[in-house]
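One gets the working numbering by counting positions in the sequence shown from 1 and adding 642 to each.
All C-beta atoms, glycine included, are put in the ideal place defined by N, C-alpha and C.
Keep in mind the model is a prediction, meaning the values are calculated, not measured.
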Amino acid sequence: MAIKIATICGSVRPGNYTSMVLDLALDELGTYPDVEVTPLYLDNLDLPLPGLPARNPEAIEAFQNSVKGATGILLASPEYHGGISSPMKLAIDNLGFPSLLANKPVSLLGVAAGVIGAIKSTEQLRAICAHVGALPLPAVVSVAKVQQLFDSEGNCQDEGMEKLIRSSASNLIDHIKDTVCAKKSLEEVLRQLGEQQA
Ligand SMILES: Cc1cc2nc3c(=O)[nH]c(=O)nc-3n(C[C@H](O)[C@H](O)[C@H](O)COP(=O)(O)O)c2cc1C
643 MAIKIATICG SVRPGNYTSM VLDLALDELG TYPDVEVTPL YLDNLDLPLP
693 GLPARNPEAI EAFQNSVKGA TGILLASPEY HGGISSPMKL AIDNLGFPSL
743 LANKPVSLLG VAAGVIGAIK STEQLRAICA HVGALPLPAV VSVAKVQQLF
793 DSEGNCQDEG MEKLIRSSAS NLIDHIKDTV CAKKSLEEVL RQLGEQQA
């Protein structure tokens, strides 16, 4: 059975760097034959502010179903004014209360222009994810000075940072294989044993 991953890009800025960084993680996810990926972008989703009716309910439902059906989630947020972006917060607020993120492993990726990186946004994301009952992975990836990371053709110029960004994807898959899949295999073995003894 395929492992399903949904990714959410928290920037809607045209030409944004968060999606360039996220593309490396998506490329890494694409190397796993047993992983199905649904990249979710917020630009055209017209997410409603909390409490207001959706103008595009089918699209919002499809967005929610992608998260609901995923085994794991990768959240990529830009650092805006010392925190996560408002689109990312709005996306999380549109995932229900209780949240569809509950009990799902979540990998966190933060992208910043500044030298200290996306420390504050990834910390905020971790706190919000934990608050809604998701399982944020211990290793977060924070990208600093992102404007200097890519050349004019969009190639990553820093091998070490690219490896780290890719680890936001591979850590998630490793975690799912070590925990979720291992638990399911054990359940299967125990069920078969039970059937043999019956
Ligand atoms: C509203 C806004 C606030 C920002 N605040 C910060 C900040 O606090 N720290 C920082 O390092 N970069 C900040 N930036 C720069 C972003 O981190 C930068 O644009 C980076 O490329 C990630 O955002 P992007 O994916 O939209 O490109 C800010 C950008 C915007 C648009």
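Straight-line Cα distance separating serine 708 from proline 699: Mapped onto the sequence shown, residue 699 falls at position 57. Mapped onto the sequence shown, residue 708 falls at position 66. Looking at the two C-alpha atoms, the distance is approximately 14 Å.
Under 7 Å between C-beta atoms of leucine 814 and valine 783: Within the sequence shown, numbered from 1, the residue matching residue 814 stands at position 172. Within the sequence shown, numbered from 1, the residue matching residue 783 stands at position 141. Going by C-beta atoms, leucine 814 is not nearer than 7 Å to valine 783.
Environment of isoleucine 650 [buried if 16+ CB atoms lie within 10 Å]: For this step, residue 650 is matched to residue 8 along the sequence shown. That one is buried.
Cβ-Cβ distance between histidine 817 and proline 720 below 7 Å: The residue given as residue 817 occupies position 175 in the sequence shown. The residue given as residue 720 occupies position 78 in the sequence shown. No; because the gap between Cβ atoms is not below 7 Å, this pair is not in contact.
C-alpha gap between glycine 752 and serine 763, whole angstroms: Stepping through the sequence shown from its first residue, residue 752 is reached at position 110. Stepping through the sequence shown from its first residue, residue 763 is reached at position 121. The straight-line gap from Cα to Cα measures roughly 6 Å.
Run of the alpha helix (DSSP H) containing tyrosine 659, from where it starts to where it stops: Translated into the one-based positions of the sequence shown, residue 659 becomes position 17. Residues 659–671.
Segment limits, beta strand (DSSP E) that includes proline 720: The sequence position of residue 720 within the sequence shown is 78, counting from 1. Residues 714–720.
Other residues of its chain near leucine 689: CB distance less than 6 Å, five sequence neighbours each side excluded: Here the question's residue 689 lines up with position 47 in the sequence shown. Excluding sequence neighbours, leucine 689 sits near Leu732 and Asn736.
Around ligand 1, Cβ to any heavy atom closer than 6 Å, ordered along the chain: Per the CB criterion, closer than 6 Å to any heavy atom of ligand 1, the qualifying residues run in chain order as Ser653, Arg655, Asn658, Tyr659, Thr660, Pro720, Glu721, Tyr722, His723, Gly724, Val753, Ala754, Ala755, Gly756 and Val788.
Any beta strand (DSSP E) of 3 or more consecutive residues that is wholly inside the stretch 755–836: The stretch 755–836 contains these whole beta strand (DSSP E) runs: 783–785.
Three CB pairs or more closer than 8 Å across the stretch 781–801 and the stretch 823–839: Touching, no, given that fewer than three Cβ pairs across the two stretches are closer than 8 Å.
Boundaries (first-last residue) of the beta strand (DSSP E) holding serine 749: Walking along the sequence shown from the start, residue 749 turns up at place 107. Boundaries of the beta strand (DSSP E) around serine 749: 747–753.
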